[in-house]
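The next block holds one structure in the form of structure tokens; read it before the comments.
2 protein chains.
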Amino acid sequence: MLGRVNHVAIAVPDLAAATAAYRDTLGAVVSAAEALPEHGVTVVFVELPNTKVELLEPLGPQSPIAAFLEKNPSGGMHHICYEVSDIIAARDQMLAAGARVLGNGEPKTGAHGKPVLFLHPKDFFGTLIELEQV
Amino acid sequence: MLGRVNHVAIAVPDLAAATAAYRDTLGAVVSAAEALPEHGVTVVFVELPNTKVELLEPLGPQSPIAAFLEKNPSGGMHHICYEVSDIIAARDQMLAAGARVLGNGEPKTGAHGKPVLFLHPKDFFGTLIELEQV
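Top line first, the protein sequences correspond to chains C and F. To convert, note that position 86 of the first sequence is 80 in the working numbering; the numbers rise steadily by one, no gaps. To convert, note that position 105 of the second sequence is 99 in the working numbering; the numbers rise steadily by one, no gaps.
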């Protein structure tokens, strides 16, 4: 079922400083910062030849990464996103296997404008997994 | 400088259970478990179309992932490995930029038999970065 790794998301407390480190120290190609208020983050895309890293900074009072940054004030890897061809089939496969889908179980529109679901990290050994239909 | 994402490493307390979850629940192609006593881990490769996830379980008393699992008993994303074409040039670029290379600064032979270095997570917003010469 799992397709490509679409991105690895890294939560950071200071997006400008993190962007500079990836661009200037690591020599990666980085995008301009993009505010996504409906997702509670500002994002910078780090373009690698085979996938993306997304640097996320909290935006607004209800940011979904705020609690993570409280626990990990320096930042850290927040989730990994895999592509799937059919988000509903993927959801049903997860539920049939006893894995928990976060929220109400219905796909939401993710930061790339495509249907996404998040799986409970406790069911996957501490890793928050996003599934994105592409 | 940064090339492909070679792998994302996930530390897990129970490799057999994690392998089953990736294979049976997520429907991924997984390798047989491979013990790497000189690296203090047993590894299973999760093969995605564009990169790999490596599931790591501690092996032996000096495992480099033991402290991480003490802090994160359920497991979690441990590091991300980027490919570089010249590990010495990459090391010198890191040091010139003021980033810290772990250990004595000399590349070691990594789990894939290639020269690797690890960068200090405090210099990269809580993310442990491995550079591998390919």
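Glycine included, each C-beta is placed from N, C-alpha and C at the ideal position. Computed from a predicted model, the values in this text were never measured in an experiment.
Is residue i helix, strand or coil when you go by DSSP?
i                : result
proline 7(F)     : coil
glutamate 32(C)  : helix
glutamate 51(F)  : strand
isoleucine 74(C) : strand
leucine 159(C)   : The first residue shown for chain C is -5 and the last is 128, placing residue 159(C) beyond what the model contains.
isoleucine 59(C) : coil
glutamate 126(F) : strand
threonine 13(F)  : helix
threonine 45(C)  : coil
Counting only Cβ pairs nearer than 8 Å, list the residues of chain F close to residue i.
i                : result
glycine 69(C)    : Phe119, Gly120 and Thr121
glutamine 87(C)  : Thr19 and Gly21
glycine -3(C)    : Leu42 and Pro43
asparagine 66(C) : Gly120
Is it buried or exposed, residue i, if we count other Cβ atoms within 10 angstroms and call 16 or more buried?
i                : result
valine 23(C)     : exposed
serine 79(C)     : exposed
alanine 91(F)    : exposed
leucine 53(F)    : buried
glycine 70(C)    : buried
threonine 103(C) : exposed
glutamate 124(C) : buried
Residue i touches chain F at which residues, Cβ-Cβ below 7 Å?
i              : result
proline 109(C) : Under the 7 Å cutoff, chain F gives no residues; its nearest Cβ is about 17 Å from proline 109(C).
Taking C-beta pairs closer than 9 Å, name the residues in chain F that residue i reaches, listed in chain order.
i               : result
isoleucine 4(C) : Ile74, Phe118, Phe119, Gly120 and Thr121
alanine 15(C)   : Ala91, Ala93, Asp117, Phe118 and Phe119
If the cut is a Cβ gap below 7 Å, which residues of chain C does residue i touch?
i             : result
alanine 12(F) : Phe119
So, at 8 Å on beta carbons, what are the nonlocal neighbours of residue i in its own chain, with the 5 sequence-adjacent residues on each side left out?
i               : result
lysine 116(C)   : Arg94
proline 101(C)  : Ile81, Ile82, Arg85, Pro109, Val110, Leu111 and Gln127
histidine 72(F) : Ala3, Ile4, Ala5, Leu50, Ile59, Phe62 and Leu122
Within its chain, find whatever has a CB closer than 7 Å to the CB of residue i; leave out the 5 residues flanking it on each side and keep chain order.
i                : result
valine 38(F)     : Leu9, Thr13, Val24, Ser25, Ala27 and Leu49
alanine 29(F)    : Thr36 and Leu53
methionine -5(F) : Val78, Ala84 and Gln87
Are residue i and residue j closer than 7 Å when you measure CB to CB?
i               : j               : result
histidine 1(F)  : alanine 105(F)  : no
threonine 45(F) : threonine 45(C) : yes
glycine -3(C)   : glutamate 77(C) : yes
Checklist line | Near-chain D residues of the stretch 45 to 56 of chain C (beta-carbon distance less than 7 Å), N- to C-terminal order | finding: Absence of chain D from the displayed structure is noted, the protein chains being C and F.
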